[in-house]
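Participant:
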Amino acid sequence: AALLWGSILLGCSCGPGLARVGATPLVAATYVLDDADGLGREFDGIGAVSGGGATSRLLVNYQEPYRSQILDYLFKPNFGASLQILKVEIGGDAQSTDGTEPSHMHYENDENYFRGYEWWLMKEAKKRNPNIKLIGLPWAFPGWIGKGENWPYDYPDITAYYIISWILGAKQYHDLDIDYIGIWNERAFSSKYIKLLRYALDKHGLEQVRIIASDRLWEPISFVMLIDSELHGVIDVIGAHYPGTKTVQNAILTGKKLWSSEDYSTFNNDVGAGCWARILNQNYVNGNMTSTIAWNLVASYYEQLPFGRCGLMTAQEPWSGHYKVESPIWITAHTTQFTQPGWSYLQVDGHLEGGGSFVALTDGLGNLTIVIETMSHNHSTCIRPPLPNFSVVPQTATFYLRGSFYMVETLQVWHSRLDFESGKSSLFQQLHPVNVWRGRFSLDLNVDEVYTFTTLKTGWKCSYPEPPPPQPFPSSYKDDFNIRNPPFSEAPNFADQTGVFEYFVNASDPGDHVFTLRQVVVQRPITWVSDADQTISVIGNFKWVNMTVTCDIYIEKPRDGGVFIAGRVDNGGIYVRRTKGVFFWVFADGTYRVTSDLAGKEILMKGLSGVRDNAWHTLTLNIQGNSASGLLNGYPLWENVIVSKPSNGWAALGTRSFEFAQFDNFHIE
């Protein structure tokens, strides 16, 4: 009653669901679950990645209660996904898939542990689940770490100092204990650096922080660990990405924990749910992996950026409050609501005779959880790697419980069926408990189903009232950046694609521009992908065709400094270098240009503007149909420029190079 009353107070509802109809089984087989001869590997948890990059960008701008509801679906135990691990990007000021995330050290003499939103997200996760494990991993690094080279290992002591600072800052400023630290996402590793990092961790009293390597492939890290005993001694977990449920012999020979430390990355419809259900089981059944971590946590970035909606749920409309609890959330719950890190897998083959798989886990205290999936090939393909053909048929499975489980009398039953014909899938429904007779129970399994059988009675399928309906980005939008103590370092809805744009207090300006938005990255970072040579932040509705963009601009770099405003911007993320649109540039040397590309090579118009550095000017860009025009300080500067492609896109602002510049009174119509 107290639980139910709590649910009513929270405005959410939890409870059991409905039963199901079976299909004619074609295969019958028996499976024995026994702990008498010991247990299998220790289970380390199911998690998700925020970052790599800027995947949670729009989440922070949601109003309450919607923001807290989304966080509950992700992190609150026995509510929704009940995630057991949160992995975040250690921001490196560079493009890392869907945007840039700010570093805690833009410059060598700079430390700020309140930039970005990952600190906030880790605290919100811990608030809901104090036992959640936290992982930090860099995708990129500020340029000063490489002293001008695009490489973080030339000065490994500097790189280690930078990472240690982030871990210590998490504790000092946010009371967050980081559990695991990675090396460099999907890029080369340096044995010397990894050893130095371990030494630095221990020297700073961070012995409890474990090292994951190398967040790429099983090789060469596994082979190098086998021939370098010192390296073997400092790495705790071998993390591979998108392993296709398979491992390699060398990885097993190391004796280390094996994780799929990034996986999934698939559009979050029911096929995405099928992919997730299959790999959650088969990463262990086929590959001995004891943790699987989804990229990404929540699709909170503009959908037209790369890998749109490849999150466990979708929250990409802070302006409307709309979000969607997608089916992968409930697939996750089948495992996470009935296990904990520290449980153990049973030693069992795990392949079903008719196709599909099962895992069995125990806490060693008599509790047992069995998760079964029968995902068909076409309904469970992940984005990568290619999936070899296999077949799944309706089947009958009989389980014999032996050892300490022989005395189990009833098991709770949770069920999902992905229905690709009607589109009306049944997700995470509680069925009637099953009676276990003399250690035995049977069930008919259809195709594309997930079952959890468990001794635990703690599962809940919870829900909040429907969020507001979806709405496009407002067609009239203004931001004057006038906020003295902003809750986050970045202005709402701006999605930085190269460079970092932050709220700035312009103490030297006594006039109308005390509070501005400033681009702050002044050296090319150690990149993860090909960042643009210009900086850019996009905003708005990708479908926009006709628009007027107005912004006050302030060039700080003398002689060759420059800024732009833009419309119909068609690209971002890992493809930012090839971005096209209509770009209106002004430069510190008193010239202007109109180009159809971010690179500034396709010139549509150029001339003199009289703009100078260290003075405020107002730019206006008007795009109507096939024609564009530009105003400077309210007066026409150029007009009737023919624009053919692209036909639609975001608004944007940015700079000519990695340089300081300020923006104010931004307005789109």
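For reference, each letter of the sequence shown is one residue, going -19 to -1, 1 to 650 in mature numbering (1 follows the signal peptide of the UniProt record, and there is no 0). Glycine residues also receive a C-beta, built at the ideal position from the N, C-alpha and C atoms.
(1) Hey, Ile145 and Leu182: beta-carbon distance below 8 Å or not?
(2) Could I get the ranges of all uninterrupted beta strand (DSSP E) runs contained in the segment 424 to 480, with 3 residues as the minimum, in chain order?
(3) Would you mind reading off the limits of the alpha helix (DSSP H) that contains Ile520?
(4) What's the gap between the Cα of Asn262 and the Cα of Phe24?
(5) Could you please give the first and the last residue of the uninterrupted alpha helix (DSSP H) stretch that includes Thr317?
(6) Under the three-state reduction of DSSP, which class applies to Thr140: helix, strand or coil?
(7) Relative to the C-alpha of Val190, which residue among Val69, Gly420 and Tyr161 is closest?
(8) What are the boundary residues of the beta strand (DSSP E) that Asn646 is part of?
(9) Are the CB atoms of Arg398 and Asp425 within a distance shorter than 8 Å?
(10) Return helix, strand or coil for Gln50, following the three-state DSSP convention.
(11) Say whether the segment 530 to 539 touches the segment 89 to 106, bearing in mind that this needs 3 or more beta-carbon pairs closer than 8 Å, one atom from each stretch.
(12) Sorted by chain position, which residues of the same chain lie with C-beta nearer than 7 Å to Glu354's C-beta, five sequence neighbours on each side aside?
(13) Just to confirm my understanding: we take Ala141, look at its own chain, exclude 5 residues before and 5 after, and list those with CB closer than 6 Å. What are they?
(14) Between the Cα of Gln65 and those of Asp15, Gly127 and Thr317, spot the shortest distance and give me the residue it belongs to.
(15) Hey, would you say Met528 sits closer than 8 Å to Ile649, going by beta carbons?
(16) Given a threshold of 16 other Cβ atoms within 10 Å of its Cβ, counted over all protein chains shown, does His87 qualify as buried or as exposed?
(17) Output the distance between the C-alpha atoms of residue 714 and Thr439, rounded to the nearest integer angstrom.
(18) Can you list, in chain order, the residues of its chain with a C-beta nearer than 6 Å to that of Thr636? Leave out the 5 residues immediately preceding and following it.
(19) In whole angstroms, what separates the C-alpha of Thr36 from that of Phe386?
(20) Does DSSP classify Gly163 as helix, strand or coil?
(21) So, helix, strand or coil for Asn250, using DSSP?
(22) Mapping DSSP to helix, strand and coil, what is Cys256?
(23) Which value, in whole angstroms, describes the spacing of the CA atoms of Tyr445 and His396?
(24) Expressed to the nearest angstrom, what Euclidean distance is found between the alpha-carbon atoms of Ser281 and Ile274?
(25) Which runs of the alpha helix (DSSP H) spanning at least 4 residues fall entirely within the segment 39 to 124, listed in chain order?
(26) List the endpoints of the continuous alpha helix (DSSP H) containing Glu211.
(27) Which residue from Leu67, Ser77, Pro111 and Leu149 puts its Cα closest to that of Asn93?
(28) Considering only C-alpha positions, which residue in the set Asp16, Leu55, Val30 and Asp79 is nearest to Trp509?
(29) Confirm, please, whether the CB-CB distance from Thr81 to Gly34 is below 8 Å.
(30) According to DSSP, simplified to helix, strand and coil, what is Tyr265?
(31) Could you give the distance in angstroms between the alpha-carbon of Tyr174 and the alpha-carbon of Lys184?
(32) Kindly indicate the opening and closing residues of the alpha helix (DSSP H) around Leu234.
(33) For residue 665, does the three-state DSSP call read helix, strand or coil?
(34) Using only the alpha-carbon positions, how far apart do Ala194 and Val13 sit?
(35) With a cut-off of 8 Å, do at least 3 Cβ pairs link the segment 231 to 248 to the segment 361 to 368?
(36) Distance, Cα to Cα, Val2 vs Cys443?
Facilitator: Based on what the coordinates show:
(1) yes
(2) 430 to 435, 458 to 460 and 476 to 479
(3) Ile520 -> not in any alpha helix (DSSP H); beta strand (DSSP E) instead, spanning Thr516 to Ile520.
(4) 12 Å
(5) Ser308 to Thr317
(6) helix
(7) Tyr161
(8) Ala642 to Ile649
(9) no
(10) helix
(11) no
(12) Ala258, Arg259, Asn262, Gly337, Ser338 and Val431
(13) Leu177, Leu178 and Ala181
(14) Thr317
(15) yes
(16) buried
(17) No answer is possible for residue 714: it lies beyond the span of the chain, which begins at -19 and ends at 650.
(18) Gln500, Thr516, Val544 and Ala642
(19) 43 Å
(20) coil
(21) coil
(22) helix
(23) 21 Å
(24) 17 Å
(25) 47 to 56 and 99 to 109
(26) Ser210 to Val215
(27) Leu149
(28) Asp79
(29) yes
(30) helix
(31) 15 Å
(32) Gln230 to Leu234
(33) Nothing can be reported for residue 665: it is not among the residues displayed for the chain, which extend from -19 to 650.
(34) 35 Å
(35) yes
(36) Note that Val2 has pLDDT 44, beneath the 50 cutoff, so the model's placement of it is unreliable and the number below is only indicative. Roughly 24 Å between the two C-alpha positions.
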